[in-house]
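Have a look at the structure below before the remarks.
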Amino acid sequence: MEISITINGKAVSADVEPRTLLVQFIRETAGLTGTNIGCDTSSCGACSIHLDGEAVKSCTILAAQADGGSVTTIEGLASADGTLHPMQQAFMENHGLQCGYCTPGMVMAATSLLNDIPNPSEEDVRIGLEGNLCRCTGYHNIVQAVLACANK
Amino acid sequence: MIPAAFDYVRASSAEEAINLIGQHGDEAKFLAGGHSLVPLMKLRLAQPSVLIDIGRVSDLSYIKDAGDHITIGALTRHRDVETSSIVNEHVPLLAHATSHVGDPQVRRRGTIGGSLAHADPASDLPATTLALGATYVAQGPNGSREIPASAFYSGYLTSVLAADEMLTEIRVPKMNGAGWSFQKFNRRAQDWAIVGVAAWRNGNEASVALVNMASVPVLATSVGAAIASGASIEDAAAQAAAEADPQADLNASVEYRQHLARVLTRRALEAASA
Amino acid sequence: MTMTHETTGVLGTRMLRKEDPALLTGEARFTADLAIPGALHLAVIRSPYARARIVSVDTSAARAHAGVRAAYSGADLADLWAGPMPCAWPVTADMKNPAHLPLAVSQANYVGDGVACVIAETAEAARDAAELVDVVYEPLEAVIDLEDAVSDRVVIHDEIGTNKSYTWDLKVEEQEGDVDAAFAAATYTVKERYIQQRLIPAAMEPRAIVAVPQPFGGDMTLYSATQIPHILKVMVALTLGIPEHQMRVIAPSVGGGFGSKLNVYAEELLCVALARKHNLPVRWTETRSEGCQATIHGRGQIQDIELAADANGRLTAVRVRLIGDMGAYLQLVTPGVPLLGAFLYAGVYELPKAYDFSCTSVFTNMTPTDAYRGAGRPEATYAIERAMDSLAATIGIDPLELRRRNFIPTDKYPYEAFTGLVYDSGNHDGAATLAAELVGYDAIRAQQKTQNVDGAKRRLGIGVSTYFEMCGLAPSRVLASLNYGAGGWEAATVRVLPTNKIQVVTGASPHGQGHETAWSMIVADKLGVAPEDVDVLHSDTAISPLGLDTYGSRSLAVGGVAIAMACDKVIDKAREIAAHQLEANPDDLEFAGGAFTVAGSPDRSMPLAAIAFEAFTAHNLPDGLEPNLEAHTTYDPPNFSWPFGTHMCVVEVDVETGEIEVLKYVAVDDCGNQVNPLIVDGQVHGGIIQGLAQALFEEAVFDSDGNLRTSTLADYLVPAASDVPSIVTGHTVTPSPTNQLGVKGVGEAGTIASTPAVINAVVDALSGLGVRNMPMPASPNTVWSVINAAQGGSQ
């Protein structure tokens, strides 16, 4: 079926199988591999992207469901001149990543969290990231990064 | 990770969706937010041959004040229920319980109708709407019918919905200032409840429903009856597992579930009575 | 923090990581991200039975499926393997190692064991066709329980005739009979059994592989999400009969490992073998449920530990009996894991030569186990630290006080331990004192008296654990004495380019540890250049041909030290060039701030940049000196390094529900000098939560038929941010005398220390209810059951 999704401001159209997941469309059709896949049960959040402005898990949405929608991936977060988004900068400054595999999803979830709660408590941040798993950092510095970004 | 192949059709109205499912028969499934169905398909535990996407039936996404109750369109996302001023004002128990469904990303895609129709006894909303005395509206080829939440669930992941029916609306009585509490007990915040308790109390009137305490959501009628008869919270909560028939799983034995139901019911009633 | 190492300013700072921008913007490429045109996709058909005879495999329907290139049974491919799946650690001469091929031929031995495979033009076609492969099994009785396995009631592998792979002993006595005598003479003894549940490593990046045949001459490039490109290259070459110089292994960005990518896996061998056979690239990406079933598990031990102590509570003997769960087969270092713990069952305590350790390791019909973060050392530390609490309870003294009485005194370092190993440096009292201060130990003990009264619904507990990490794996001769199949050195090259930019080649293979940053800092410090002028090359055997990779907290203490040593060689050569140019005696030159200066003549100076250019042009070098400015080092450490520390955990337990809330977690770690404290803290945080997850959340649960019931991340409870506490970190700094950087390593410290700290806190909270022990994970249901049993027992 013919699908068209605006990804990071650019329309991407393709004829895909109905079973194509949004994350596959992003990675394979659009060639944007920053969005990662970490599980098959919507548990880990590595595939989190923004769909129409909000963080969702792109492994649990069919590309067909997102047809006509607007997607932002980790590749679309920094400015065109390469300046990191404040959340990316905060993750770097607070050592909120190690292997970096969960990071794109974590950053997309965190930016969405601050859209909902601009001045979160530590508890808000921890609960707000309940859908994203990280195996390296123990979350301490991720939480610090999100709080630091909120306080900027 | 890769679902089995299927055909995909998109419905733009409830009528069209019902027509489509009539055409495609038993192997077809409705797709709302997809957050219950798609993971099962990726693990190939579900292999429908046709998906009828009802996610774009936009006239089923609404929250309205209807006098003594509120009405919620079946395709209203959890996120919209959770943040709705109408729901928070008139049915705060539902708004709060909805905020515990899945995780934020899941709540932005999952819908109230999808969650209820999936009929998972471990989900938060079937029991919550049961405690609230909600009525579900289902539409089929021969029109609409109202189904009380208490008559909707017929077994594990099954309901009285006919194959060619779909939920269109949830009607929830206003709580009118009743005290309430939602106790969700789990090991990780994102998980289904090991046991959950949705409760409200207004004087001697109380209603308690249990999450994950049987193959269907359970209305703990003995607790309500005990409160009505003037029993103490402690004594009423002791009845919490009376109607339950829990299963053991990785997280809890039968005895532990029964114990948790009693403890959480007591805590819920204490909070609802405060 | 004080640094004893002289720095130019960068070493010891919280420099931000060079790795981060690529990872934060999605530019980094993990293996599954690589676009390889024309690659075929592999799908593996796995046994649904824990033990079954393979009666027949019919691939005809799969082969007929659109897009499918080929489908094979294990028997179809049996001729492709020059050797079995490798195990590099034959711990005893008579160790039993059953036949193990990438695809089972006659019998499947765990749920997830590969029995057939499909290659197809798309991943979808491969997956769909895999469902069409018709395998007929004859299910056989499975062995799941470890003690049942020991009994040989059912023997899993007919050809070896027993489930026991090996028994390995370490008995240390001054005189024969010392251990028995010590127990007989002891004032106090304790005997405890602890179960190390199986864990699923669950690195966030699933395994992924692409094997790419090169156009001419039979060369093969294998991209793999691996921790060990160098070891993998050798093993793939041996197993497939490929000349080693024709194998190239590249580990692109790797999304965590924790030991799970320290292996040689069936899918790696399948991809390479099928890529050769079909002369096309072949790729495979693991699904999470495959990862849970067919990537190695960790832990899996039954530990019986006995302590003997004198009237003062000082340890006089330790006896340990282990049963190790190998799973269905021996993977790369499976049998060695219990041995890595064998030296640590006396923790950081003084013990006379009265130690009796014996481990029997058995096969079971479950996923093979292997090294998982800490590998043997967390198990040992858990046992001794739990047993010390048990001993303290038996004696009736504070557990911290008991530990203080037994600490190896600081003035006895370097300390020759009962095993003959020499502990490099330590200050256990210092770490414990700082931890007690940071956690408010005395105040919590006081609060317990008022809070943990009869009928209290929320009980307060504090847990202490002290540890040694034993890392810097390893002195090659020590490894030889343990029958390990390789050495423990690490290689480094430091190359000063003509424009004074530095290329560093390391044999370490990072997957989250930040080596590019840390190595750059070491080089910047040594050579007086800016860290951004240093580029660290790694994880590609064509670029870094020599190396032994990253595991066992070895990278800094071995690989990082090798970098520093290579820098020294560069400086030595540069000194000769500078002396020649400045017409000075080399011994009169001082090197500082990136320039050589003649002592006493500050105007006679030559910067490294000028020397590098001279080395490149070679127009005016000293006679006999080779052009270019680079040096190579292979460093074999003379000793392990011994990081240590004290962790303390404060919990409140809801005795009605069994729910545990971690109120505070304090970690004081001493890893010697710190290259980058930002990275040190990150390693500590992550390790602590991984160890806490063993204590409270995680277990690979198998039913009695051998089905894994936790095969997704919905069932296997890797905790999220919402489920774990913040962490207070403190450090003491006791440099290692073993290496010039004074560093020790920190990768596994948190995991080693935290599991017993958490469980000790839980048991402490419930001690007033008669609770003495707590199985892991301490789920609410488990805690509730233990309380009930203890209460029932006391009534």
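Protein chains in written order, with the working numbering: chain A, 315 to 466; chain B, 134 to 407; chain C, 15 to 809.
Ideal placement from N, C-alpha and C gives every residue a C-beta, glycine not left out.
Output, in chain order, the set of chain B residues within a Cβ distance shorter than 7 Å of residue i.
i	result
leucine 346 of chain A	Within 7 Å Cβ-Cβ: nothing; leucine 346 of chain A doesn't reach chain B, min ~18 Å.
phenylalanine 711 of chain C	Arg320
glycine 359 of chain A	Gln238
Compare the C-beta of residue i with all C-beta atoms of chain C and state if any pair is closer than 8 Å.
i	result
arginine 210 of chain B	no
glutamate 316 of chain A	no
proline 434 of chain A	no
threonine 320 of chain A	no
leucine 383 of chain B	yes
When the cut-off is 8 Å and only beta carbons count, does residue i lie next to chain B?
i	result
glutamine 809 of chain C	Note that glutamine 809 of chain C has pLDDT 37, beneath the 50 cutoff, so the model's placement of it is unreliable and the number below is only indicative. False, the Cβ-Cβ gap to chain B never drops below 8 Å.
leucine 427 of chain A	yes
glutamate 219 of chain C	no
threonine 671 of chain C	yes
alanine 378 of chain A	yes
threonine 21 of chain C	Caution applies to threonine 21 of chain C, whose pLDDT of 44 falls short of 50 and renders its modelled position unreliable; the model cannot decide the point.
alanine 328 of chain A	no
arginine 723 of chain C	yes
For my contact list, residue i and residue j are in at a C-beta cut-off of 8 Å; report their separation, rounded to the angstrom.
i	j	result
arginine 473 of chain C	valine 204 of chain C	23 Å between Cβ atoms; not a contact.
glycine 270 of chain C	tyrosine 415 of chain A	6 Å
asparagine 429 of chain A	alanine 462 of chain A	Their Cβ separation, rounded to whole angstroms, is 17 Å, which puts asparagine 429 of chain A and alanine 462 of chain A out of contact at 8 Å.
arginine 60 of chain C	glycine 128 of chain C	6 Å
serine 619 of chain C	phenylalanine 610 of chain C	7 Å
glutamate 215 of chain B	serine 232 of chain B	5 Å
Which residues in chain A have a C-beta closer than 7 Å to the C-beta of residue i? List them in chain order.
i	result
aspartate 140 of chain B	Pro332
Please list, in chain order, all residues of the same chain as residue i whose beta carbon is under 6 Å from its beta carbon, the five residues on each side excluded.
i	result
alanine 36 of chain C	Ala42
arginine 400 of chain B	Gln316
proline 112 of chain C	His171 and Ile174
serine 256 of chain B	Ser248
alanine 556 of chain C	Arg262
List, in order along the chain, the chain A residues whose C-beta lies closer than 9 Å to that of residue i?
i	result
valine 239 of chain B	Ser356, Val370, Lys371, Thr374 and Gly445
Starting from the C-beta of residue i, find all residues in its chain whose C-beta is less than 8 Å away, skip the five residues before and the five after it, and write them out in chain order.
i	result
serine 439 of chain C	Tyr427, Pro428, Trp656, Gly686, Thr748, Pro749, Ser750 and Pro751
serine 146 of chain B	Val190 and Asp192
threonine 18 of chain C	Low local confidence applies: a pLDDT of 38 at threonine 18 of chain C is under 50, so the model's placement there is unreliable, with the coordinate-based value given in what follows. Counting only Cβ-Cβ distances below 8 Å, and skipping sequence neighbours, we find Asn687, Val747, Pro749 and Gly756.
proline 434 of chain A	Leu427, Leu428, Gly442, Val460, Leu461 and Ala464
isoleucine 801 of chain C	Val669, Gly672, Leu780, Leu783 and Val785
alanine 370 of chain A	In the sequence as presented, alanine is not what sits at residue 370 of chain A; that position holds valine. Once the five neighbours on either side are set aside, the close Cβ partners of valine 370 of chain A are Ser362, Ile363 and His364.
alanine 544 of chain C	Ala538
isoleucine 327 of chain B	Phe318, Asn319, Arg320, Asn345, Asn384, Ala385, Arg390 and Leu393
Between which residues of its own chain and residue i is the CB-CB distance below 7 Å, once the five residues before and five after are set aside?
i	result
valine 183 of chain B	Phe139, Asp140, Val142, His157, Glu160 and Ala161
alanine 163 of chain C	Val157, Asn177, Val376, Phe377 and Thr378
tryptophan 533 of chain C	Val518, Thr520, Val550, Gly574 and Ile577
asparagine 653 of chain C	Val436, Asp438, Pro489 and Thr752
Residue i versus chain C: which residues are under 8 Å apart at the beta carbon?
i	result
serine 386 of chain B	Asn795 and Ser799
valine 396 of chain B	Glu670 and Thr671
Any C-beta of chain A sitting closer than 8 Å to the C-beta of residue i?
i	result
proline 172 of chain B	yes
serine 146 of chain B	no
histidine 168 of chain B	yes
Using a C-beta to C-beta distance shorter than 7 Å, which residues of chain F count as neighbours of residue i?
i	result
isoleucine 135 of chain B	In the displayed structure, chain F is absent; the protein chains listed are A, B and C.
Give me the chain C residues within the contact set of residue i, using Cβ-Cβ distance strictly less than 9 Å, ordered along the chain.
i	result
isoleucine 441 of chain A	Ala735 and Ser736
Starting from residue i, find everything on chain B with Cβ-Cβ shorter than 8 Å and list it in chain order.
i	result
serine 362 of chain A	Gln238
So which residues on chain B does residue i lean against when the C-beta distance must stay under 9 Å?
i	result
alanine 423 of chain A	Asp236, Pro237 and Gln238
leucine 570 of chain C	By Cβ distance, chain B contributes nothing, its closest Cβ being about 33 Å from leucine 570 of chain C, past 9 Å.
task: May I have a chain-ordered list of the beta strand (DSSP E) segments no shorter than 3 residues that lie completely inside the stretch 263-345 of chain B?
output: Counting only runs of 3 or more, we get 268-273, 276-281, 286-288, 299-306, 312-318, 328-335 and 338-344.
- request: Kindly provide the ranges of any beta strand (DSSP E) runs that are 3 or more residues long and lie completely inside the stretch 608-646 of chain C, ordered along the chain.
  value: With a minimum length of 3 residues, the continuous beta strand (DSSP E) runs that stay inside the stretch 608-646 of chain C are 609-612 and 615-621.
message: Threshold first: 4 residues or longer. Then list the alpha helix (DSSP H) segments lying entirely within the stretch 673-751 of chain C, N to C.
response: Note on the stretch 673-751 of chain C: whole alpha helix (DSSP H) runs with a minimum of 4 residues are 691-710, in chain order.
field: Segments of 3+ residues assigned as beta strand (DSSP E) that fall wholly inside the stretch 289-362 of chain C
entry: Within the stretch 289-362 of chain C, the complete beta strand (DSSP E) runs of at least 3 residues are 296-299, 312-323 and 329-341.
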